[in-house]
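Working notes, structure below.
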Amino acid sequence: MSRQINQPINQVRLTNVAVVRMNKDGKRFEIACYRNKVIDYRQGLEQDLSEVLQTDRVFTNVSKGEFAKAKDLQKVFGTKDEEEIAKLILAKGQMQVSDKERSQQLEKTTAQIAEWISKNCVHPDTDRPYTILQIKHGMKHAAFSVHPTKPLKRQYLDCVKLLQQVMPIQRAKMELLLLVPTGNGIQQVEDILKEHDVKFTPAASQQLAEEADLVRYPVLVDPSLYRILNDLLQSNIPGAKIEIVNQVVTKQGDYMLEEEVGNKNNNQDPDFDPVMEATSLLQQSKLSSDVKDNDDDEQDDSASDEQPSSSSDEEDIVQSMARRRKAQKKAKKKNQKTANRQLADDTAIKEESVSETVASATTQPVTDRISNNNNAASTDSNNNNNNDRKSCNTCGGSFATPADFRAHFKSDWHRFNQKLKLKGAAPISEQEFLLVDAEIGNKQDGDDILLL
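Okay, so the sequence shown: first residue is 1 according to my numbering, each after it adds one.
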């Protein structure tokens, strides 16, 4: 019996591959990349090309393993260096992704932008950073849309500009230390700083003890001015240099109470007490909430005669609608209770009448009437002499035709006897039922007359 011999092959199996292709001059060129690295490379998060490419060769068809010819590369790109060609294809080529991958990448990019803004931006008045949740809410309110291939830093700067339209935010200041040689360079540095509205301390008291020939200028500048100042100092003042002390200057920790209620009033009025002010504000808010709760609990019908509050027109409309709905709900509940009570009274009256009628059925006059009726019924039955008559086992009556027999089971008399049977009481005849029904009707008419 022969067995298959597995021989080694000179092929490299590509797994988790993302194909980036470019069509140029009528020819197609492809490169094999790792699926989760292409976007990072385009956004500048990944710089190592070997971490992005699965192989450093350029293909005409990755799935078939067909390599691009050197003469085609030279003709189309003007070079045979496949690494440079791969960089060009990565930057400008097309990559097919699924909807889930695209949505996941957009969510990831949005989270990265929000994290950058939270770390590098602050509130202009307090110099404190925003939380990531606040930044995401502001991005949604500003209608910021994430671009899948645009560099992340460029999108971060564009997002900050949009957020400035909907919320107070600015890029955090950078703390720099300018080291300038003594001499004519000092005046030039001060002129440059004044030109860009950068606050600084005069150089008289900034001379270093260990370096007597250098003068330092500690300044806080916007990050966009760092490159400008560096170029101006390097080109105009020989020996000048800039050191970054702190790239992002923010305030951390808990917010003080006196800052919350306002330091401006504290500086203007020496008798200002922030603790007392905060306590009074809390008491006022508590009082207003208590008043609001009392107003909500009131259910007086004369609520429309109350004096108008100091709230806006929209709040008045909302409160009036709430009171109207509350009154409607209360009236509906009251009507339902009245209907249920009336139904219970009618049922009790009917049951009481039935019990009285059954009790009075034992008296002699009623017995005589029943016997007379029974005798008349028996006489009629004897006269008819019809053997096909049918009777009801519950009510005891007999019927001449099948139609009358079927109609009997739908009558009120049969239904009433069924209820009596369920309660364990004896059934009544049709005459007794008619008598009971007439008495109930007379009582209800009397009640209606009393109500009128």
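Glycine residues also receive a C-beta, built at the ideal position from the N, C-alpha and C atoms.
Residue range of the alpha helix (DSSP H) that residue i falls in?
i	result
Lys410	Neither: Lys410 is in no alpha helix (DSSP H) and is coded neither H nor E.
Gln134	132-141
Assuming the contact rule is C-beta atoms closer than 8 Å, residue i and residue j should be a hit. Round their C-beta distance to whole Å, please.
i	j	result
Leu73	Val62	Not really, about 16 Å apart at Cβ, beyond 8 Å.
Val219	Leu193	7 Å
Gly93	Met22	4 Å
Cys159	Met139	6 Å
Thr60	Phe29	7 Å
Expressed to the nearest angstrom, what Euclidean distance is found between the alpha-carbon atoms of residue i and residue j?
i	j	result
Glu51	Glu190	47 Å
Leu422	Asp316	59 Å
Arg35	Lys27	24 Å
Leu229	Glu243	12 Å
Ala114	Asp125	21 Å
Asn385	Thr338	Because the pLDDT of Asn385 is 46, which lies under 50, any placement of that residue in the model is unreliable, and the question is left without a value.
Ile186	Val215	8 Å
Leu434	Arg341	27 Å
Val261	Asp231	At Val261 the pLDDT is 47, less than 50, meaning the model places this residue with poor confidence; the figure from the coordinates comes in the next sentence. Cα to Cα, Val261 sits roughly 44 Å from Asp231.
Pro129	Leu176	20 Å
Lys75	Asp25	9 Å
Lys350	Leu343	11 Å
Ser310	Arg323	Annotation note: pLDDT 41 at Ser310 (below 50); position unreliable, no value reported.
Tyr156	Thr109	10 Å
Val248	Tyr226	13 Å
Ser98	Tyr41	19 Å
Ala68	Met95	18 Å
Glu432	Asp404	19 Å
Asn16	Val38	12 Å
Val321	His123	For clarity, residue 321 is Met in the given sequence; the question names Val instead. Distance between the alpha carbons of Met321 and His123 is about 40 Å.
Leu53	His137	37 Å
Ala18	Ala111	24 Å
Ala86	Lys153	23 Å
Which partner residues of residue i appear in the DSSP bridge assignment?
i	result
Met167	Paired residue(s): none; Met167 is not in a bridge.
Phe455	Residue 455 lies beyond the residue range present for the chain, which begins at 1 and ends at 452; the question has no answer from this structure.
Pro223	Answer by DSSP bridge pairing: none, since Pro223 is not bridged.
Cys121	Arg171
Asn246	Glu175
Pro129	Val122
Lys390	Phe399
Lys241	Leu179
Along the chain, where does the beta strand (DSSP E) containing residue i start, and where does it finish?
i	result
Glu46	From DSSP, Glu46 is part of no beta strand (DSSP E); its letter is neither H nor E.
Val20	17-24
Ala32	27-34
Does the beta carbon of residue i fall short of 7 Å from some heavy atom of the ligand ADP?
i	result
Asn61	In the structure shown, the ligand ADP is absent, as is every other ligand, since no ligand is present at all.
Legend entry - Every unbroken alpha helix (DSSP H) inside the region 53-97 [4 residues or more]: 70-77, 82-92, all fully within the region 53-97.
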